[in-house]
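Protein chains: 2
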Amino acid sequence: MISSRPSIWAQAAVRSGYFLKAVHARDSGTTERVLATASRLFYAHGVRAVGVEWIVQESGIARTSLYRHFATKDALVAAFLEREDREFWTQWSAAVRAAAGDPVRELMALLDWIGRRVSRNGYRGCPQINVAAEFSDPDHPARKIRARHKAAMFERLKAIVDRIGAGHADDVAHQLALLIDGAFTSDGRLPRAGATRILQSAARALLGIHPPRGAGSAHAKDPAIGRSPPG
Amino acid sequence: MISSRPSIWAQAAVRSGYFLKAVHARDSGTTERVLATASRLFYAHGVRAVGVEWIVQESGIARTSLYRHFATKDALVAAFLEREDREFWTQWSAAVRAAAGDPVRELMALLDWIGRRVSRNGYRGCPQINVAAEFSDPDHPARKIRARHKAAMFERLKAIVDRIGAGHADDVAHQLALLIDGAFTSDGRLPRAGATRILQSAARALLGIHPPRGAGSAHAKDPAIGRSPPG
DNA sequence: GAATGGTGATACCGATCGGTAGCGTCGTCA
DNA sequence: TGACGACGCTACCGATCGGTATCACCATTC
């Protein structure tokens, strides 16, 4: 591989959701099986470290069937990231919902969720960041999905900061995004069970909010939402 | 590649600086040529995306010579990260030196340097983070070098925060590290020429420091230090 | 002038890469 | 019962992977 991958993504990606082949009517969970296995391996080991044969072995689906559902390995990679993106926002929304109405509490609930997320066993960072770093072509689907994902995160943070009414909302939203992306790449460096505290107190400082008079850490009331996938 | 790489790093790495073969007396810059080329390609495209043949072509050094200086490709990867580590701290120290004595000004100078660093053309994130993400084996040299690098960064930040005398020094140091790692992965999302402002104002908020009365952004006086490599 | 040692060129190794062809099987539906 | 579609299996493709063996060349050193 002497040169970087050519920019053929743009044309091809136009069709049905980043190369995902049309799902056939009688499909019985094969697409899901392949995608679930590939997602797990891609996240745990990195995209380029996982060969198609490995996915075939682990999923129990035939190589030929895999290629009936995903035109190329890159299509599988794109589907992985799209799926992570969807699940991430689902959980984000759920975290916020518990505190809906009060933007400060929403933000705290969000950071509590992220703090727990990055402290999980097997957490290996944000898949969007990790995978995008493996490809240098700016037109590669992974790069585009990451860009969209991170732009969406900024917009959501910006909306919360706007509702809180702090000054320099753009800068503060960027600062919150830096904190969160930093947490994603922290790789277990944050103290055990301290990630949430560190994130929340940082956010309060950035927003100029004094911590509640009583207890030290002020968690969101609702500790639920603790499902799995990475982010 | 069905299974992850075996953990053979530990034993082998004992010898001379992560696999780097003994440099021969009459060596005339060949090691440097290879390492410089490999570093550039690894950083720009990712380690697994760059084959040895590519490095051979770009460097103009024979494949056999390359393997006389580096026992394996992984040795080259480790040497790349070690070198990035050294250059990073050299520049870090230089950035701090301009404001030596006043820890707040040191921190501001540091963040100014980082803000400019991540805004450079061709900046593609922190090589330690990027490369470590490509390997799942915790014993891989890349993982260990990253861990050491990031631990060192925390310690340096902690020392500055201690000198400033803010409360919760550990938490604040972690928060600064999150900001910086977040900036490293920001991939051009921060506003043009605004990275430094955003980092510095965040740091002041975290430290409870009011911005200087006069101008809005309060850069470190000394805009020098602008050399190249990534971080 | 011989020994030494770093270099380059070529040719090769086995393994794995992403991806495909061909064929047989089985379940569903008309 | 026959067509159809999803699937598994085997075997294969050319390309590239990381790494090595061999040998000739050339500069330095004694």
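Here the protein sequences come in this chain order: D and V. The opening position of the first sequence corresponds to residue 1 in my numbering, with each subsequent residue numbered one higher. The opening position of the second sequence corresponds to residue 232 in my numbering, with each subsequent residue numbered one higher. Where a beta carbon is used, it is the ideal one built from N, C-alpha and C, also for glycine.
Reference residue i; option with closest CA among the options
i: residue 322 of chain V; options: V/270, V/344, V/263, V/363; result: V/344
i: residue 163 of chain D; options: D/94, D/197, D/103; result: D/103
i: residue 44 of chain D; options: D/54, D/167, D/122; result: D/122
i: residue 181 of chain D; options: D/197, D/210, D/118, D/144; result: D/118
i: residue 193 of chain D; options: V/309, V/429, V/437, V/402; result: V/402
i: residue 68 of chain D; options: D/42, D/85, D/34, D/93; result: D/34
i: residue 418 of chain V; options: D/188, D/190, D/177; result: D/177
i: residue 431 of chain V; options: D/198, D/199, D/201, D/206; result: D/206
i: residue 157 of chain D; options: D/129, D/74, D/142, D/179; result: D/179
i: residue 174 of chain D; options: D/184, D/185, D/151; result: D/151
i: residue 52 of chain D; options: D/30, D/32, D/76; result: D/76
i: residue 373 of chain V; options: V/341, V/391, V/279, V/263; result: V/279
i: residue 339 of chain V; options: V/289, V/314, V/391, V/281; result: V/391
i: residue 120 of chain D; options: D/183, D/31, D/203, D/208; result: D/183
i: residue 129 of chain D; options: D/46, D/30, D/36; result: D/46
i: residue 111 of chain D; options: D/167, D/209, D/202; result: D/202
i: residue 29 of chain D; options: D/66, D/145, D/82, D/137; result: D/66
i: residue 271 of chain V; options: V/386, V/362, V/320, V/377; result: V/362
i: residue 167 of chain D; options: D/54, D/145, D/209; result: D/209
With 16 other Cβ atoms within 10 Å as the buried cut-off, status of residue i
i: residue 371 of chain V; result: buried
i: residue 64 of chain D; result: exposed
i: residue 269 of chain V; result: buried
i: residue 242 of chain D; result: The requested residue 242 of chain D does not occur in the structure, where chain D is confined to residues 1 to 231.
i: residue 127 of chain D; result: buried
i: residue 24 of chain D; result: For residue 24 of chain D, the predicted model reports a pLDDT of 41, less than 50, meaning its position is unreliable; a value from the coordinates is still stated below. Per the 10 Å Cβ criterion, exposed.
i: residue 303 of chain V; result: exposed
i: residue 291 of chain V; result: exposed
i: residue 328 of chain V; result: exposed
i: residue 380 of chain V; result: buried
i: residue 332 of chain V; result: exposed
i: residue 337 of chain V; result: buried
i: residue 189 of chain D; result: buried
i: residue 365 of chain V; result: buried
i: residue 62 of chain D; result: exposed
i: residue 86 of chain D; result: exposed
i: residue 346 of chain V; result: buried
i: residue 356 of chain V; result: buried
i: residue 315 of chain V; result: buried
i: residue 281 of chain V; result: buried
Per-residue contacts from residue i into chain D (C-beta, under 9 Å)
i: residue 385 of chain V; result: 189
Residues that residue i contacts on chain V, provided the C-beta gap is smaller than 8 Å
i: residue 136 of chain D; result: 275, 276, 277, 280, 355
Within chain V, partners of residue i - CB distance below 7 Å
i: residue 129 of chain D; result: 416
i: residue 133 of chain D; result: 277, 356, 361, 364
Interface partners of residue i on chain D, CB under 7 Å
i: residue 405 of chain V; result: 190, 198
query: Which runs of the alpha helix (DSSP H) spanning at least 4 residues fall entirely within the segment 246 to 323 of chain V, listed in chain order?
result: 247 to 250, 261 to 276, 283 to 290, 294 to 300
task: Could you list the residues in the segment 102 to 122 of chain D with a C-beta less than 7 Å from some C-beta on chain V, going in chain order?
output: none
task: Return the residues of the segment 409 to 427 of chain V that lie within a Cβ-Cβ distance of less than 8 Å from chain D, sorted by chain order.
output: 409, 410, 411, 412, 413, 414, 415, 416, 417, 418, 420, 421, 422, 425
task: Could you pull out every unbroken alpha helix (DSSP H) segment of at least 4 residues lying fully inside the segment 147 to 225 of chain D, listed in chain order?
output: 169 to 184, 195 to 207
query: Quick one, which residues of the segment 427 to 442 of chain V are near chain D if we go by CB-CB under 9 Å, in chain order?
result: 428, 429, 430, 432, 433, 436, 437, 438, 439
query: Taking any Cβ of chain V, which residues in the segment 158 to 171 of chain D have a Cβ under 7 Å from it, in chain order?
result: 171
task: With 8 Å as the C-beta to C-beta threshold (strictly closer), list the residues of the segment 140 to 154 of chain D near chain V in chain order.
output: 146, 147, 150, 151, 154
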